[in-house]
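Numbering (the UniProt record's numbering), first residue to last: 1 to 204. C-beta: ideal position from N, C-alpha, C; glycine also. One structure is given below, encoded as structure tokens.
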Amino acid sequence: MARPIAKDHREKRSAILKQAAVYFADHGYDRASVNGVAGACGISKSLIYHYYDSKEQLLFDILHSHLTTLYEGLKALPKAEDPELQLRQLVRKLLHMYRGADAEHRLQLQSTTALPQAQRHILADIQRSIVKEFSQAIAAAAPEYLEQDPDHLRPLTMSLFGMVNWFYLWHQPGRGLSRETYADLATEILLGGLARLQNQGRSP
1 MARPIAKDHR
11 EKRSAILKQA
21 AVYFADHGYD
31 RASVNGVAGA
41 CGISKSLIYH
51 YYDSKEQLLF
61 DILHSHLTTL
71 YEGLKALPKA
81 EDPELQLRQL
91 VRKLLHMYRG
101 ADAEHRLQLQ
111 STTALPQAQR
121 HILADIQRSI
131 VKEFSQAIAA
141 AAPEYLEQDP
151 DHLRPLTMSL
161 FGMVNWFYLW
171 HQPGRGLSRE
181 TYADLATEIL
191 LGGLARLQNQ
201 GRSP
């Protein structure tokens with residue numbers, strides 16, 4: 001007979017994921033151990049293994065949960081009729097969801113390659129879906145320019161992620177720009193550049 005799932009199973013799993021993410025990010029996934037994860041979580045090693053078969057499976061669940069949360073949050077945004085407003089809302093939402101997820105974000109950037117190829121493909125599919133949300137918004141904001149130069153869409157999209165994804169490295173909570181202000185700044189830099197490129201294309 002299958003063992004029943006405890007009522008607080010989801011809460012315990014979420015707490016393990018959060019503490020394990022911080023532990024992996026601070027100590028480096030390759031050097032981290034299940035014993036260390038258990039200590040960081042304040043639970044026994046056997047309880048870790050109750051939820052996860054291996055350190056590898058734990059890392060995958062951290063990243064899968066993180067990326068799925070990002071994608072579902074972006075998809076849940078109401079669509080704005082104004083393409084520029086839609087892009088602005090997406091950038092704001094992404095930076096908002098990054099709040100409190102620095103460890104998961106660091107692991108996504110640094111430790112995905114530690115996973116087997118099949119799991120990396122699953123995570124890559126979610127990442128591509130996230131990127132697609134932004135590339136579609138950028139294309140809608142500058143249709144004439146990107147119809148003429150469609151090969152520029154991916155570089156523009158990844159440049160926007162370059163501005164947003166490294167925010168956690170230099171941002172000091174409570175000091176300087178807020179997340180919303182920086183989201184608007186990054187959006188304006190992209191839109192301003194697109195406007196200039198479009199104007200150049202119209203020049204005789």
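One thing to note: Glu-104 has its Cβ within 7 Å of the Cβ of His-66. Contact between the stretch 74-84 and the stretch 53-64 is absent: fewer than 3 CB-CB pairs across the two stretches fall below 8 Å. Judged by beta-carbon spacing, Leu-194 lies beyond the 7 Å limit of Ala-137, meaning their Cβ atoms are not closer than that value. Rounded to the nearest whole angstrom, the C-alpha separation of Val-34 and Ser-54 is 8 Å. With a 10 Å radius around the Cβ and a threshold of 16 neighbouring Cβ atoms, Thr-187 comes out buried. Leu-190 places its beta carbon less than 7 Å from that of Leu-160.
Counting only the Cα atoms, Ala-20 lies some 12 Å from Tyr-52.
Leu-115 sits away from Ala-25, with the two beta carbons spaced by 7 Å or more. In the DSSP annotation of this structure, the continuous segment of the alpha helix (DSSP H) that includes Tyr-145 starts and ends at 143-148. Note on the UniProt domain "HTH tetR-type" (10-70): there is no whole beta strand (DSSP E) run with a minimum of 3 residues. Counted as a single uninterrupted DSSP element, the alpha helix (DSSP H) harbouring Ala-103 occupies residues 102-110.
Distance from the Cα of Glu-180 is smallest, within the candidate group Ala-40, Leu-47, Leu-94, for Leu-94.
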